[in-house]
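All remarks here apply to the structure that follows.
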Amino acid sequence: MSYDDDDDLDEFEYPYMPALSTALADPFEGTRTVDGWRIERLGLIQGSCDHGTIYDPLGPEGGGFPMRPGGTPVYLVAREAAPGVPVAVLVHPGETVPVSTEDCGDRVATPSGLAVIHANPSTTWIEPGTGMLKRAWATLSARAAGGESWRMERLREMLQDASVDPTDWPVEPAEGDFANDWLMIPDEDGTGTVLGLLADPDGSNTTECLDAEGNTVAILLTLD
1 MSYDDDDDLD EFEYPYMPAL STALADPFEG TRTVDGWRIE RLGLIQGSCD HGTIYDPLGP
61 EGGGFPMRPG GTPVYLVARE AAPGVPVAVL VHPGETVPVS TEDCGDRVAT PSGLAVIHAN
121 PSTTWIEPGT GMLKRAWATL SARAAGGESW RMERLREMLQ DASVDPTDWP VEPAEGDFAN
181 DWLMIPDEDG TGTVLGLLAD PDGSNTTECL DAEGNTVAIL LTLD
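Per the working numbering, numbering of the sequence shown is gapless, rising by one per residue and ending at 224.
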């Protein structure tokens with residue numbers, strides 16, 4: 001769907017896409033605010049695999065995207081009035097600016113409440129996300145101690161279902177971990193990066209984004 005028609009925009013599921021298009025038309029580092037949306041360039045997904053993966057390490061399915069040589073940029077979208085509550089992430093493997101999206105997307109199960117993006121070639125499903133699971137466990141343990149326990153209970157339940165024992169995992173988070181519900185760390189091999197995002201345990205959605213020529217150039221992952 002294109003964003004040139006204001007009538008369509010009023011009903012469109014992703015009202016932040018015009019702001020993303022505007023921001024990406026003028027490459028930037030750090031954060032930009034456009035029309036009430038805060039767009040932050042988080043860095044690059046890097047790894048030795050030629051395709052990246054979007055998934056929940058404790059979930060049943062995932063999505064993929066081609067890697068850009070040298071690393072694939074990722075952008076976080078939040079409302080300007082609520083910068084600590086991300087609503088979406090744009091993974092941008094293409095070189096051109098996304099200006100529209102496909103009319104429908106694909107559901108990605110995120111039952112543990114954690115979405116992970118990586119480009120690690122491991123064929124073990126959980127392994128590329130193990131480090132992120134441990135960091136999330138520590139963060140959610142601290143939040144549960146402060147009274148916010150529902151995410152922790154959901155993660156604990158999914159770990160039990162996967163026969164993963166977190167008994168020896170740290171329960172004190174590193175300073176700044178998931179401060180705005182996201183974290184980027186080196187992958188298990190130390191050669192790439194892994195992005196973790198606290199997502200909706202009821203599921204997330206991925207939608208292809210198209211440039212002006214109709215080519216798929218990005219993937220949008222919704223978080224709320």
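Note that the Cβ used here is the ideal one computed from N, Cα and C, for glycine as well. Being a predicted model, the structure only gives us computed values, none of them experimental.
Tell me, please, whether the region 101 to 108 touches the region 24 to 42 by the rule of three or more beta-carbon pairs shorter than 8 angstroms. Verdict: no, contact absent.
Just to confirm the assignment: which complete beta strand (DSSP E) runs, minimum length 3, are found wholly within the region 66 to 96? The region 66 to 96 contains these whole beta strand (DSSP E) runs: 72 to 79 and 82 to 91.
Give the range of the beta strand (DSSP E) segment to which L159 is assigned. To locate residue 159, count along the sequence shown from 1; it is residue 159. Where L159 is concerned, there is no enclosing beta strand (DSSP E), although the alpha helix (DSSP H) around it starts and stops at W150 to D161.
Would you identify the three-state DSSP class for P201, choosing helix, strand or coil? What you label residue 201 is simply residue 201 of the sequence shown in a count that begins at 1. It is coil, neither helix nor strand.
For H92, count neighbouring C-beta atoms within 10 Å of its own C-beta (all shown protein chains included) and say buried if the count is 16 or more, exposed if not. The residue given as residue 92 occupies position 92 in the sequence shown. When all chains shown are included, H92 counts as buried.
By the three-class DSSP mapping on this structure, what secondary structure does P121 have? Within the sequence shown, residue 121 is the residue found at index 121, counting from 1. Looking at P121 - three-state DSSP - the assignment turns out to be coil, as it is neither helix nor strand.
Those residues which DSSP pairs with M17 across a bridge: Counting from 1 along the sequence shown, the entry for residue 17 is found at position 17. BP columns for M17 are empty, so no partner.
Rounded Cβ spacing between A19 and M67 (contact assumed at less than 8 angstroms): Here residue 19 refers to the residue found at position 19 of the sequence shown. Here residue 67 refers to the residue found at position 67 of the sequence shown. Approximately 25 angstroms separates the beta-carbon atoms of A19 and M67; this is outside 8 angstroms, ruling out the contact.
Starting from the C-beta of L159, find all residues in its chain whose C-beta is less than 6 angstroms away, skip the five residues before and the five after it, and write them out in chain order. To locate residue 159, count along the sequence shown from 1; it is residue 159. Contacts found: P166.
Can the beta-carbon of T193 be found closer than 8 angstroms to that of Q46? Within the sequence shown, numbered from 1, the residue matching residue 193 stands at position 193. Within the sequence shown, numbered from 1, the residue matching residue 46 stands at position 46. Their beta carbons are under 8 angstroms apart, which means T193 touches Q46 by this criterion.
For L133, report the span of its alpha helix (DSSP H) as first-last. As a first step, residue 133 must be located in the sequence shown, where it is residue number 133. Boundaries of the alpha helix (DSSP H) around L133: T130 to A145.
DSSP three-state assignment for T216, whether helix, strand or coil: For the purposes of this step, residue 216 is taken as residue 216 along the sequence shown, with counting starting at 1. DSSP places T216 in strand when its eight states are reduced to three.
Nearest neighbour of T96, chosen from G146, T72 and A144 [CA to CA]: Looking up residue 96 in the sequence shown gives position 96. Selected option, being the one with the closest Cα: T72.
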